[in-house]
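Reading through the structure tokens given below for one structure.
Protein chains in written order, with this note's numbering: chain A, 247 to 571; chain B, 247 to 571; chain C, 247 to 571; chain D, 247 to 571; chain E, 247 to 571; chain F, 247 to 571.
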């Protein structure tokens, strides 16, 4: 079981006349801000193949603007039933499962279970970890790191015998900097071997990713490397603008960046991306793929709703090799 | 005469299918940005029952973006005739009626006249006070406080024999903090007995009101307490977002908060609230009520236009008691 | 040859019912963000009469959000063919033609050739200068000034025997201040006689231009003085808002401001101006005029696309004299 | 009883060779940082003639760096016995005598008792008021103003039948701005008639007072006006530098500044003023005077200790008239 | 072998007349800024008993103000021979021993070797770890954490079978916040079980430690708990002021704070602490103890030199219990 | 006539035991803060050989902390007679000699006269230029550049037929950045050919000059290149610290840096450098040299007084070549 699905993932061919490498689903956003009764907004969420359909973990801020994560289910990965109650955690590898808030989840299958990571409030943001077998019971583990951290994303398999996680060390506010690091763990409890993977680009070379970058989707194993969608941020005079790029990391040593997109793949240009609680945000949190190389990327739009975009793996990788920073 | 009107206030029933406690007027915004010839924007304005209809004091920024307040009149409180010239003040209880600018008015009837408060420019923002009997002649009084202050809102009757005013001490810029205080005056000239009423909430508990809060509408006397709509602000990475909440204050000692909404009542979600001179602002300045407990709240939208939203008093209070911070 | 054209410039009469001095082209934006294959956005661009039609220099940020300038051509000044490759510079009066980036071009004819100025990246933003005879070959000259500077705009003829340039000294970020200065040069290589021309206005007098101002279009010679469209900025709690004003400078000594608009001429109010990569921006970079006094102003909208607005010179000047700061 | 003393105030003649209008006591600092067992620092304190000697209220921060005020007594106003326990307040004209901290006291006799003002912590800094008859029992009254305020200084007599207080509206941090205002009260409970008295000077004219200013000593009645020592602040690249100036305010309407020193009177130049918990601070809080026109000014040095400086009233006023801003 | 020495540690009795719990060595600073030829400053350094004397690791910034750590040796722990070349690291439990800079070392003996921690430059500050057997050869291990972190301090023995380290998560500049956390490791390579230990105090309660706090010395095992000296910071209007406090942590679970000093133990008051490259800094990095309970604390003074202060363990603990926050 | 003097410049040999390349004059500071009646501080000043002695231009801030420059004269370049009145400027190559303030002068002889540059207040800081033949009459010329600029330093002869000036583009406050540029002029009126000369160093390589750098003394022609003393700044948590370095620039093209000191030459370490109006400042503004290669450097100390330091040219250049960044 993995991010690649035998079953039918959402798909639309590239719109006529378009030469874009990535294109939006025509019925975006697929999940609106008020899709469950208590929600103020639903965005920055993750989905995985599950049984004969799909499961997901969704960031639903409620109308007190408290941030929490909710399980959801879907047959087609477009139409979702999201639980009305947030995920309740049981003790996993620790009794210390404090959590002031939870947001920006990612999900992946590793070996025998689904692992969820998210931004966990423990005296500030850090990376929370939990596992589930069924998306009903969830078991929270030790936080991976000290505060302050965000955008923790696990690899979907062990690398050299260890769990591997990307993350973006942060500060305790609207962090105006941010690079992507990798860390390893023998046991999902103790983490080390921290390496810098990717840093922001010089303004002159690729300004959309010059302020901060963070891992987005769980990396997809390809013969060319780990394929990962990430977000990049530029600090305009009217605030941060979040766009999406893609990178290929070395299969054996993913701290080595093989290719990294110089142009963005997708940037805020539709009203639902440019208007909302935080305007001008495209924020990928998951990607699923079928056997034909179709990829559907799930992204938060304007911190308000969830959109989907498509690309074709081979095309994407070729483009990436030709457009690398 | 009071905020409660025998005559017909604007009203629309809750839209079908909605479970919201507060809902928008279907023809919002009721006052557009260019509704008088000189205006750049009309917003954050206050209305009261007046004679057989309604009067109001409107913030109309002109095309030099100078801020001033204008009188207006309406039969139905929806369609407004706003004067093309700003209110000209005469001396009230002082000759010192300097005013670099005037904005964000509130209006209420107390005993024998209408009182207007607003943010008055006197070496920075402070609280201006004036009275009128007829919305033609206005008499400006001493500023209530030293700079810097905003969102001064009078109670519609004396409390323990004194005038009472809510306000939000500020700084001289885009204040990134702000709590609600109450002060008392025997004579509308000298103010004291300052007490803290409500502070911003912890981010974890109710983030929409974690950066600053300010009184909105003139409180409405109910058997359960003073019912007051207020604004709360969260500082997102792309700027301030203003939403509306509601509180009940003790009738005898309004520095005691009986209930205060943990979820917001109304947050920016319509294009006219999310797009404009200052995106993502819902800013209540007045509420009128009829004998059936219908309440119409007037709010500024995106610092650009005026909207109306409705709720039913009994429902609201019950909801508030069940959703208190 | 000059900014005044014998041939037909774009024109639409004032919309019925409108009393505005300046009005938008009904089919705005005339150039969309993706009008060339590589572009993320096209905005803040300049046009001039050229041969039997028009030529222009366009700011096209690519999808890596690298900023560069591109030549383009049009018969009607509305429908543009923009080159897919940026302008490649040859050495003009210097071999030192380094340029980390180029943005916000202006263009004017002086004596025997077209001169282009832009914001040139040389250890930070400063004013780049180049000339062309044909919009095919371009010759880059010495930067006019030390960093940090933006919005360099040449007068369309020598003044007292010298080239004259307006500019706005800046810092190396999202400069929160900015006034307009004039400098002179005998030879387009050495610059001096720097004079302050216009400063930001007091907040109380004209808030839309209280944070920073910068020259927009190449000044148009009129019998009343040099007519120049400029931008003004107000710092709202949700970021900078850019509007357009107009000034008349003394013909002999353009450091003397004869009139300067207290109200803005055009401020962000259409969706394409309020929504985009940088919301709430109206940024004029060029103005062309015909023999009947019709003026078409070209402006960047929301750092995303190009719009056109119209006014009538006589009307405008009369209005300006009556609405001067 | 008043700030003018029949008895002997501290005095040293101007040092030989000096032409300074104000000169330091040769044995400064008169009170060291550890003068009571718990103190970390003793500074910014006020003294008055009392019985056959002097009493004072002293800011002693303890070694937890909690700020509080302590009574003290002296025969000669140089050698002080400061109580080891802070002043304990009883209810004066209110039961609400909350105080998170107390600092920077001033003291004056009005009519029948001594009044103390200080910066009182009530949800941020504001002006606390208390009275005493004997410096043993102290009675705390209503805070004069809403937060945020500092440097509240009473006039030593009623003006036009009302109590009058200078203060400096502030923000909730290390306020980078600050002007002096006056407010009036009929009863020491309700305050109004707020007027701006003195603002910071333009940098070019008098830079030592260009960032913020605040009232220092209780004004001394002279035939030429109210004589008041105040502090002015310049923001250097290495922090705030506090110096001392002097002003004469109109006797009838003290919101009118008759003269105000352009040069400072005393600026940090001795090691005990340049080195300490906050380097480069000279902060006057009291001035006493004898019948010969000798004036002794008490000032905090480097937020660490207390110094005294001398001047001769006639000389001072003449100098002030010749050196006014 | 441990921080407790059978041999003679530096010691001076409390000065006559003093009631201080901690007092300075009379010949401070013991190490001046230019004590090795290349140094600009020597401060924030750590010492341990070694063989029949003492060894230390010293922060010596050179005259290019590059930060590095140097070994040194002493017979009496007062007079030091510091190597003229910085420590050269060999690979310990990793080949990745990158280090842009090294500063603020701590040293302790655990089981069979000496462990050094310091602030290590790896894409920003994080915690470096190394071991040595002889202070000649040093073996650098994996960084404990992701950036950004400072003030990593090991416990001198395993706790519940794991290595334990205190640290202070930071940002990438002059961090204006900071609390103390504990983390555990089975192997000095992977770290987890992160717990918050101590946070800054409320300003009203103990202002000297209200901005940030960080572990100082390696904790000393006592029957009452782990005794640890730490630094606390207050942000004055003229910069950070660093003082020293002390805490007792639970022996079994050191994330539990048993006692923590409300007053500081030592704050900048001598010229060598108030004047230097960073004025007003007292920064403890080591403490050694003899069998009589004498404790000598080593601290950096003004980021310029090294001082020593003394206390008596029993007295200290009793005082701490009586003066706990 | 030049910076090299046949007559006796101040000189002291290196103190015994010292290995420093630069050492201080034993009687520093040579000019105290109160050396003229009106002065608050005298610092950042420049001297040149003049007639049979020396002349200088001195920055004397008066007690209103207004900044101005004053002429002075000396036989021995140690004991100075500074005029009590500031320099009064006559019109040089322009009538526009506005000046809100003048500070940080430099002086050099070129061809037939002495040229003075300084930081001139014209709508913010820029570079003022004047000439004198006799230090009695001074003729002010056009400002070299637009605001904002500081530290303009002329070369003592034309280079390739043009005047050459170093400067440091700035912003309008306590600029937190700053690199050294060169510009050329044919006539001291129009300036161009701006080139970047030296940028701040990476923090890891040489932190004392990682925040900003600025030219100090007028460059001295040597066979190895233009020898120039400059200042470098590090931003500590308690403010800026200014130190002195030295560079050699190419004789033909001084935009080429041949050598640049990695360690500083002199950094604040004496009380008069660490304590004063702005602590921790060493700021060179002039250097004079005799035929034996003795060099005396004049520097401002703590923005308060003037110090002198010595070095030997040959030694210095050799050291520089061995210690270059």
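Beta carbons are placed, not taken as given, at the ideal position from N, Cα and C, and that holds for glycine.
These numbers come from a predicted model, not from an experiment.
By a C-beta neighbour count over all protein chains shown, 10 Å radius and 16 as the cutoff for buried, is residue 546 of chain A buried or exposed?
Buried, since its Cβ has 16 or more Cβ neighbours within 10 Å.
Going by alpha carbons, who is nearest to residue 487 of chain E out of D/269, D/298 and D/311?
In this structure, D/311 is the residue among D/269, D/298 and D/311 with its C-alpha nearest to the C-alpha of residue 487 of chain E.
Flag this pair as yes or no: are the beta carbons of residue 459 of chain C and residue 424 of chain C separated by less than 8 Å?
Contact annotation: residue 459 of chain C and residue 424 of chain C have beta-carbon atoms nearer than 8 Å.
Residue 464 of chain B and residue 352 of chain B closer than 8 Å at C-beta:
At the C-beta level, residue 464 of chain B and residue 352 of chain B come within 8 Å of one another.
Under 8 Å from the C-beta of residue 480 of chain C: neighbouring residues of chain I
In summary, chain I is missing from the structure at hand, where the protein chains are A, B, C, D, E and F.
Work out the CA separation of residue 544 of chain B and residue 254 of chain B for me, nearest whole Å.
Rounded to whole angstroms, residue 254 of chain B to residue 544 of chain B spans 16 Å at the Cα level.
Backbone secondary structure at residue 347 of chain A - three-state DSSP:
In this structure, DSSP gives residue 347 of chain A a state outside helix and strand, which the three-state scheme calls coil.
Alpha carbon to alpha carbon, how far is residue 455 of chain C from residue 389 of chain B? Give it in angstroms, no decimals.
Distance between the alpha carbons of residue 389 of chain B and residue 455 of chain C is about 28 Å.
Ignore the nearest five residues each way along the sequence and tell me which others in residue 429 of chain D's own chain have a CB closer than 6 Å to its CB.
Correct list, in chain order: 411, 437 and 440.
Pick helix, strand or coil for residue 327 of chain B, following the three-state DSSP scheme.
Strand, per DSSP.
Considering only the alpha carbon of each residue, which of F/408, F/490 and F/348 lies closest to residue 449 of chain D?
Nearest option by C-alpha distance: F/348.
To be precise: take each residue of the region 505–534 of chain A, compare its Cβ to all Cβ atoms of chain C, and keep it if any distance is under 9 Å. Which residues remain?
Taking a C-beta cut-off of 9 Å against chain C, the contacting residues of the region 505–534 of chain A are 507, 508, 509, 510, 511, 513, 514, 515, 517, 520, 521, 525 and 526, listed in chain order.
Whose C-alpha, out of E/548, E/535, E/534 and E/522, is nearest the C-alpha of residue 528 of chain E?
Taking each of E/548, E/535, E/534 and E/522 in turn and checking the Cα distance to residue 528 of chain E, the smallest one comes out for E/548.
Looking at the unbroken beta strand (DSSP E) that takes in residue 545 of chain B, where does it start and where does it end?
Note, residue 545 of chain B: beta strand (DSSP E), 540–547.
Keeping to the same chain, check which residues put their C-beta closer than 8 Å to that of residue 337 of chain D; ignore five residues upstream and five downstream.
The beta carbon of residue 337 of chain D sits closer than 8 Å to those of 343, 385 and 386, all from its chain and outside the five residues before and after it, given in chain order.
Mind listing, in chain order, the continuous alpha helix (DSSP H) runs of no fewer than 4 residues lying wholly within the region 461–546 of chain C?
With a minimum length of 4 residues, the continuous alpha helix (DSSP H) runs that stay inside the region 461–546 of chain C are 517–520.
Taking only the alpha-carbon atoms, compute the straight-line gap between residue 451 of chain C and residue 477 of chain C and give it to the nearest angstrom.
Between residue 451 of chain C and residue 477 of chain C, the C-alpha separation is close to 16 Å.
How about residue 392 of chain D: is its C-beta nearer than 8 Å to some C-beta of chain B?
Closer than 8 Å to some Cβ of chain B, the Cβ of residue 392 of chain D qualifies, so yes.
Among A/282, A/405 and A/320, which has the Cα closest to the Cα of residue 296 of chain A?
Relative to the Cα of residue 296 of chain A, the nearest Cα in the group A/282, A/405 and A/320 belongs to A/320.
Is DSSP giving residue 290 of chain B helix, strand or coil here?
It is a strand residue.
What residue range does the beta strand (DSSP E) around residue 373 of chain A cover?
According to the DSSP assignment, residue 373 of chain A belongs to the beta strand (DSSP E) that extends over 371–378.
Can you give me the C-alpha to C-alpha distance between residue 247 of chain D and residue 532 of chain D, rounded to a whole angstrom?
With a pLDDT of only 45 at residue 247 of chain D, under the threshold of 50, the placement of this residue in the model should not be trusted, and no figure is reported.
Of the residues B/302, B/520 and B/417, which one's Cα is nearest the Cα of residue 361 of chain B?
Comparing Cα-Cα distances from residue 361 of chain B to each of B/302, B/520 and B/417, the minimum goes to B/302.
Report the rounded CA-to-CA distance for residue 571 of chain D versus residue 502 of chain D, giving the unit in angstroms.
Residue 571 of chain D and residue 502 of chain D: Cα-Cα distance of roughly 14 Å.
Which residues DSSP lists as bridging residue 409 of chain D, in chain order:
D/431.
State yes or no: is the beta carbon of residue 247 of chain F nearer than 8 Å to at least one beta carbon in chain E?
Residue confidence is low: residue 247 of chain F scores 46 on pLDDT, short of 50, so the model does not pin down where it sits. Its coordinate-derived value is still stated next. Contact with chain E is absent for residue 247 of chain F, since none of that chain's Cβ atoms lies less than 8 Å from the residue's Cβ.
Residue 255 of chain A in three-state terms, based on DSSP
The DSSP-derived three-state label of residue 255 of chain A is coil.
Below 8 Å on C-beta distance, what does residue 432 of chain B contact in chain D?
Within chain D, the residues near residue 432 of chain B are 436.
Give the interface partners of residue 420 of chain F over in chain D, defined as CB-CB distance under 7 Å, in chain order.
Under the 7 Å cutoff, chain D gives 483.
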